[in-house]
Structure formats: C-alpha cells, structure tokens
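2 protein chains.
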Amino acid sequence: MRTKRPEQADKILCVAARLFATHRFHEARMEDIAAAAEVGKGTLYRYFKDKEELYLALLDRAAEGLLRRIDEELADADGPRGKLEAMIRAILDFLSANPYLFDVATHAEALARPGSLASWKKLRETNTRRTLDIVEEGRQAGLWDIPDPETPVLMLLGGLRAVLRFGSSTRPAELAPRILEDFLHGADRKAAACGKRPRALEVGQG
Amino acid sequence: MRTKRPEQADKILCVAARLFATHRFHEARMEDIAAAAEVGKGTLYRYFKDKEELYLALLDRAAEGLLRRIDEELADADGPRGKLEAMIRAILDFLSANPYLFDVATHAEALARPGSLASWKKLRETNTRRTLDIVEEGRQAGLWDIPDPETPVLMLLGGLRAVLRFGSSTRPAELAPRILEDFLHGADRKAAACGKRPRALEVGQG
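Chains as they are written, first to last, in the working numbering: chain A, 1 to 206; chain B, 207 to 412.
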C-alpha cells in the first residue's frame, strides 16, 4: 500500500468542505468528493475508509482551524475587553465563512461513534475556559464585576451559535462590538442613562 | 387492521421519552419500548413504522408541550418584563425536565428526512417571534430601548440552549431572573453604578 501524504489528505478535506457547503451529508457522495479532489476513488478510500470518517476528519480540521484563528486574534488584541471582542469576532468570522460546519457537527453528534465529537467538545471547552480566563483577567484589572461568570459566558458562546445559524445572513458589519456591548451592559440602551438600571431586588416584578 | 387510539400513542410516546432519557437513540430498541409500554411489538409498529418515526413523533409532542407550557406561563405573567422572565423560565424548566430532547432533536436533524424537523423549527420560530413581540411591547410601554432586537433575542434563546446543554447540572434557583437581568442590563454589575457604562463609541477600543 502506498503511503498517505498529509498534503493529499488536506487537499481532499478542503474539497470536501466546499462540497458539503452546498450539499447535505446524505447528498454528497464519495465519488463526487474523489472527482472534485482529482483523485481516484481508491485513493480517497485509502485516506478515509468511509464518509463518516471523512466527516470526522473535517470536523477535527475545522476545530483546529478555529482554535488557531482565535489564537491569532487574541495575540493581536489589547486588554481584556479587546480580547473578548477578538474572541467573538473570530468565532463569528470563522463560522460565517464555513457555515456547513454546523451540519457536519450535527451529523457527527448523531453518529454516536465513541469519541466522534472529541475535537468539537475540546473546542467548546477551550473556548469556554479561555473566555472565563479573560473575564477573570478583566475582574483583576478592575474593568468589570461579573459574578458567577459561567452562566453569562455560556449565554454568550451559545448565543453566537444561534446568531450564526438562525440570524439573517446580512449581518451588520459591527456585530462583534455590539454583542460585546450587550454582554457587558445589556441590550437595553435606556439603562445607559444614569440611575435607570433597576436593582437586582426589583427583578421579576413585571 | 385495528384502529389507532390517541391515548395508546400517547402512552407509548411517554414511555419512549423516559427510555430515551437514559439511553441514546442507537441503544434504545423498539422491543424495549414495546415492553416498557406493555404493548406487543406488532402494536408498536402499527403506531410507528420505525424508530425514526417514533423519534419524530416524540419531537412533535415535545414541541407542542413546550409551546403549551410557555402559553400557560405567559398567561400568568405581569407586564413585558414579567413575560420575558416567564418565557425564560418556561424554556429552562421544560428542557431541564426533558434533557433527552436535545439528543432527539440532534438525531432528527441529522436524519435529513424532508420536513423531519418541522415542529422543532416551528417551535424556534414561534419562540423568537413571541420574544420579539414582548420586546416591542416593552418598547411601546417605555420600559426599555433595544435597537435591532433580532440579534439580542437570538443571543438570549441560543444562550439558554447552551446553559441547559453544557452548564453545571446544579443550577441556581433564581436562574431565570439572573438571565433576564443580564439580557437587559449586562453581566457587568459594576456598570450599575452611575456613569460607569461606556458609550457605544468607545466599544472595541480594548
């Protein structure tokens, strides 16, 4: 058997990503992927023994790509507030450019093959931990006071998924700063005025 | 062929829901469901021709149940703020009590059978529209000013999913008012102090 070359695998995955962007999992066939990648079907099956394996490899590659993208954005960001915005922007940009990843992740999740979602789970956990670290950094710097940050951080990251999946495709250019502003200070612009913010005690009184 | 009785179908779905709560889709077998519902396998297959059909029926039933629950909570709620909190509470309570629904929805999504997710999609769209209506009601009542509410509403509803799916299972009792407070006024409690909230212009400056 001939050896596998990483560049070849990468080329196949790149082509498959483009194909899955316009076809659902059940529609895209291995022969289409082979043809688009300009390799024989035999070669394709040497790299990925079935469509599911290719799917999971695609997910691993995407998770790595997003983590790398976040690293790059964070390296350029200034201060905790800049880092939070960079995190939001990286996630929005990467998943806007690769919307098929939601389908891929959903399908992989339904496969129930043990460990099939390990890379996606790691991505989620890494993003949650990093965001919590930035929130803590901001607290230490006296920038904000976010008690029990787990819930707001999950709301933030889970909310991004919904905006990407179900929001209108024409997204405002300045979406990341808007989402950060809402996260820190709320969606209600009226509360910006002095003294308008209700005290916690008044919560839930209609 | 004997006629199908709605109570019988309901009993089977109720039993299946309990079974899927502790087993993944691939693990739960039709014979287990028949045995737990105390019906013969033949009877089960008269109601649901395969496990996928049963799954989709379960999803329809759950979507109806959640919509009904939201209706009830909204009927008891006072004013737009009370309604927003009721909406959040209904979603948190219903999905906390039926956590298997996420697996069911994920699997149904991956089935790619046309229309398979119609009831789930309707649920999401109804919840989004209702939340937007409440936000508008509050705006008209002068309670708040939430410009372009689509993004914050998607962030809110998508965030709830993440809190339910990935948050710690020991959730604070007063989670709904906390989430509402964060939604309206932000996670940063420091901003509550007069004059601390940065102006929109300062967003993104690190």
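Glycine residues also receive a C-beta, built at the ideal position from the N, C-alpha and C atoms.
Can you tell which of Leu184(A), Arg189(A), Ala191(A) has its C-alpha closest to the C-alpha of Arg139(A)? Taking the first sequence and counting its residues from 1, one reaches residue 139(A) at position 139. Cα-wise, what sits closest to Arg139(A) is Leu184(A).
Cβ separation of Ser325(B) and Asp238(B), assumed to be a contact under 8 Å, to the nearest whole Å: Counting from 1 along the second sequence, the entry for residue 325(B) is found at position 119. Counting from 1 along the second sequence, the entry for residue 238(B) is found at position 32. That pair is no contact at about 24 Å.
Expected contact under 8 Å - CB spacing of Glu85(A) and Pro177(A) to nearest Å: One-based indexing of the first sequence puts residue 85(A) at position 85. One-based indexing of the first sequence puts residue 177(A) at position 177. About 6 Å separates the two Cβ atoms, so the contact holds.
Note down, in chain order, all residues in the segment 372–390 of chain B with a beta-carbon under 9 Å from any beta-carbon belonging to chain A. Phe372, Gly373, Ser374, Arg377, Pro378, Glu380, Leu381, Ala382, Pro383, Arg384, Ile385, Leu386, Glu387, Asp388, Phe389, Leu390
Less than 7 Å between the beta carbons of Ala162(A) and Leu323(B), yes or no? Start at 1 with the first residue of the first sequence, and residue 162(A) comes out as number 162. Start at 1 with the first residue of the second sequence, and residue 323(B) comes out as number 117. No, they are not a contact pair.
DSSP three-state call for Pro383(B): helix, strand or coil? Reading the second sequence from its first residue, position 177 is the one you call residue 383(B). Reduced to three states, the DSSP call for Pro383(B) is helix.
Tell me the residue span of the alpha helix (DSSP H) that contains Phe20(A). Position 20 of the first sequence, counted from the first residue, corresponds to residue 20(A). First-last of the alpha helix (DSSP H) with Phe20(A): 6–22.
Cα-Cα separation, Pro216(A) to Tyr55(A): This structure cannot settle anything about residue 216(A), because the visible part of chain A is limited to 1 through 206.
Below 8 Å, can you find three or more Cβ-Cβ pairs linking the segment 39–59 of chain A to the segment 102–111 of chain A? yes
Spatial neighbours of Ala77(A) within its chain, please: CB distance less than 6 Å, with the 5 preceding and 5 following residues excluded, ordered by chain position. Taking the first sequence and counting its residues from 1, one reaches residue 77(A) at position 77. Around Ala77(A): Lys83, Ala86.
Whole angstroms is fine: what's the gap from Ala314(B)'s alpha carbon to Lys327(B)'s? Within the second sequence, the letter at position 108 stands for residue 314(B). Within the second sequence, the letter at position 121 stands for residue 327(B). Approximately 11 Å, taken between the alpha carbons.
Could you check whether the Cβ of Ala21(A) sits closer than 7 Å to any Cβ belonging to chain B? Here the question's residue 21(A) lines up with position 21 in the first sequence. With 7 Å as the cut-off, Ala21(A) does not count as an interface residue toward chain B.
Looking at the unbroken alpha helix (DSSP H) that takes in Lys122(A), where does it start and where does it end? For the purposes of this step, residue 122(A) is taken as residue 122 along the first sequence, with counting starting at 1. Per DSSP, Lys122(A) belongs to the alpha helix (DSSP H) from 118–140.
Spatial neighbours of Val135(A) in its chain, beta-carbon cut-off 6 Å, leaving aside the 5 residues before and after: For the purposes of this step, residue 135(A) is identified with residue 135 of the first sequence, where counting begins at 1. Excluding positions up to five away in sequence, the list reads Ile146, Pro149.
Indicate the three-state DSSP secondary structure (helix, strand or coil) for Ala393(B) in the structure shown. What you label residue 393(B) is simply residue 187 of the second sequence in a count that begins at 1. Looking at Ala393(B) - three-state DSSP - the assignment turns out to be coil, as it is neither helix nor strand.
Taking the alpha carbon of Leu92(A) as the point to measure from, which residue in Ala187(A), Ala34(A), Asp188(A), Arg171(A) has its own alpha carbon closest? Taking the first residue of the first sequence as position 1, residue 92(A) is located at position 92. Minimum Cα distance to Leu92(A) is reached at Arg171(A).
On the CB-based measure, 16 or more other CB atoms within 10 Å of its CB, does Pro6(A) come out buried or exposed? The residue labelled residue 6(A) in the question sits at position 6 within the first sequence. Classification of Pro6(A): exposed, given that the 10 Å Cβ count is below 16.
By Cβ distance below 6 Å, which residues in the same chain neighbour Gly186(A) in space, the five residues on each side in sequence not counted? What you label residue 186(A) is simply residue 186 of the first sequence in a count that begins at 1. There are no such residues.
Neighbour flag for Pro305(B) against chain A, beta carbons, 7 Å: Counting from 1 along the second sequence, the entry for residue 305(B) is found at position 99. Chain A contact via Cβ: absent.
Could you pull out every residue in the same chain whose Cβ sits closer than 7 Å to the Cβ of Lys255(B), ignoring the five residues on either side in sequence? The residue labelled residue 255(B) in the question sits at position 49 within the second sequence. Cβ neighbours of Lys255(B) beyond the five flanking positions: none.
Coil, strand or helix - Ala296(B) by DSSP: By 1-based counting over the second sequence, the position of residue 296(B) is 90. Of the three classes helix, strand and coil, the one that applies to Ala296(B) here is helix, per DSSP.
Val163(A) - DSSP class collapsed to helix/strand/coil: Here residue 163(A) is taken as the residue at index 163 of the first sequence, counted from 1. The answer is helix: DSSP assigns Val163(A) an H, G or I state.
Should Gly158(A) go down as buried or exposed, given a rule of 16 or more other Cβ atoms within 10 Å for buried? Against the first sequence, residue 158(A) aligns to sequence position 158. Buried, by the Cβ-count rule.
What do you get for Asp394(B), buried or exposed, if any count of 16 or more other CB atoms within 10 angstroms of its CB means buried? One-based indexing of the second sequence puts residue 394(B) at position 188. It is buried - the Cβ of Asp394(B) has at least 16 other Cβ atoms within 10 Å.
Are any of the Cβ atoms in chain A nearer than 7 Å to that of Glu343(B)? Position 137 of the second sequence holds residue 343(B). Answer no: the Cβ-Cβ gap between Glu343(B) and chain A never drops below 7 Å.
Backbone CA spacing between Asp182(A) and Pro358(B) [nearest angstrom]: In the first sequence, counting from the first residue as 1, residue 182(A) sits at position 182. In the second sequence, counting from the first residue as 1, residue 358(B) sits at position 152. So the alpha carbons of these two residues sit roughly 7 Å apart.
7 Å is my cut-off, CB to CB: does Arg335(B) come that close to chain A? For the purposes of this step, residue 335(B) is taken as the residue at position 129 of the second sequence. So no, Arg335(B) is outside the interface.
Which one of Ile12(A), Asn127(A), Leu175(A) has the shortest CA to CA distance from Leu66(A)? The sequence position of residue 66(A) within the first sequence is 66, counting from 1. That would be Asn127(A), whose Cα lies nearest to the Cα of Leu66(A).
Taking the straight line between their C-alpha atoms, what separation do you get for Leu74(A) and Leu180(A)? As a first step, residue 74(A) is located in the first sequence; it is residue number 74 there, counting from the start. As a first step, residue 180(A) is located in the first sequence; it is residue number 180 there, counting from the start. Between Leu74(A) and Leu180(A), the C-alpha separation is close to 15 Å.
Against Val39(A), what residues of chain B qualify as contacts under a CB-to-CB distance less than 7 Å, listed in chain order? Numbered from its first residue, the first sequence carries residue 39(A) at position 39. The contacting residues do not exist; Val39(A) stays about 26 Å from chain B at best.
Chain B beta carbons: is any one of them nearer than 7 Å to that of Met30(A)? To locate residue 30(A), count along the first sequence from 1; it is residue 30. No, its Cβ sits nowhere closer than 7 Å to a Cβ of chain B.
Under 7 Å between the Cβ atoms of Ile12(A) and Ala37(A)? Taking the first residue of the first sequence as 1, we reach residue 12(A) at position 12. Taking the first residue of the first sequence as 1, we reach residue 37(A) at position 37. Closer than 7 Å, so yes.
With 7 Å as the threshold, decide whether the Cβ of Ala281(B) is near any Cβ in chain A. Looking up residue 281(B) in the second sequence gives position 75. No - not a single Cβ of chain A is within 7 Å of the one on Ala281(B).
At a Cβ threshold of 7 Å, is Glu109(A) touching chain B? Translated into the one-based positions of the first sequence, residue 109(A) becomes position 109. Answer yes: the Cβ-Cβ gap between Glu109(A) and chain B drops below 7 Å somewhere.
Step through the CB atoms of chain A and report whether any lies within less than 7 Å of the CB of Val310(B). Working through the second sequence from its first residue, we reach residue 310(B) at position 104. Not closer than 7 Å to any Cβ of chain A, the Cβ of Val310(B) fails to qualify, so no.
Quick one: grab the DSSP three-state call for Ala241(B). Position 35 of the second sequence, counting from 1, holds the residue named residue 241(B). In the structure shown, Ala241(B) sits in a helix (DSSP, three-state: H, G or I).
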